[in-house]
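Here is the structure we will look at, set down as structure tokens.
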Amino acid sequence: MSDFQPPDPSLRAGPSVDPDPDAPVIISVAFDTSTRAQEYLLAMTGLRNAGKLALKDAVVVGKNDAGKVSVMETMDLTPGRAAASGAMWTGLLGLIIGGPIGWVAGLGVGAGVGAVTAKVVDIGIPDEWVDWFKAAVENGTTAVVILAEHVHVSDLSAEARRFDGAELLYTSMPESSRTQLVEAFGHS
Numbered sequence: 012m013s014d015f016q017p018p019d020p021s022l023r024a025g026p027s028v029d030p031d032p033d034a035p036v037i038i039s040v041a042f043d044t045s046t047r048a049q050e051y052l053l054a055m056t057g058l059r060n061a062g063k064l065a066l067k068d069a070v071v072v073g074k075n076d077a078g079k080v081s082v083m084e085t086m087d088l089t090p091g092r093a094a095a096s097g098a099m100w101t102g103l104l105g106l107i108i109g110g111p112i113g114w115v116a117g118l119g120v121g122a123g124v125g126a127v128t129a130k131v132v133d134i135g136i137p138d139e140w141v142d143w144f145k146a147a148v149e150n151g152t153t154a155v156v157i158l159a160e161h162v163h164v165s166d167l168s169a170e171a172r173r174f175d176g177a178e179l180l181y182t183s184m185p186e187s188s189r190t191q192l193v194e195a196f197g198h199s
């Protein structure tokens, strides 16, 4: 996703980054409670299941009243998880091919390869974007940041209408789609 560059921090619900309607887009919505943010994330999962968008990644960024930030990445590889998975699969392959010694060797190689892969390959929302949203989220709020493709804007807008008080923090969607979302969230 190297096409995305972190937006200027002064932009809120900023201009379109890519005019292609099927290009991956970032949409971030801020809520006054983490419960509402989780409900919105669940609604986005529902849209994915209904074929109304292809949800590639989602991150929940919260900031408590004192300004302490918490981040929950839902789909990005972490070095620990990737190392464990890599160790398991190469360990199994090593056991089949080389017996117990192959199993031990496979565990070591797989763990190393898995950890390095997770550090090098970011399959979701780029870390630079997550850092930007960590700074952009206001104290006492939680934002849901999604990376999606093939978004049916009318269905996304219908879901947005259910979330009174939510604020479109940022989107890279084309201007007409952005306008629909801003209106759906009740902003002028």
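Residue numbers (the working numbering): 12 to 199. Beta carbons are placed, not taken as given, at the ideal position from N, Cα and C, and that holds for glycine.
Asked                                                                                      : Found
L64 - DSSP class collapsed to helix/strand/coil                                            : coil
8 Å Cβ cutoff met for T153 and I37                                                         : no
Coarse secondary structure for A34, derived from DSSP in three states                      : coil
Beta-bridge partners of A159, as assigned by DSSP                                          : V36 and L66
Meets three-Cβ-pair contact criterion under 8 Å: the segment 65-72 and the segment 155-162 : yes
Span separating the alpha-carbon of G176 from that of R59                                  : 23 Å
Run of the alpha helix (DSSP H) containing T190, from where it starts to where it stops    : E186 to A195
Between the CA atoms of E50 and E170 - distance to the nearest angstrom                    : 11 Å
Sub-8 Å separation of L167 and G135 beta-carbons                                           : no
With 16 other Cβ atoms within 10 Å as the buried cut-off, status of S187                   : exposed
Reduced DSSP category for A48 - H, G, I as helix; E, B as strand; rest coil                : helix
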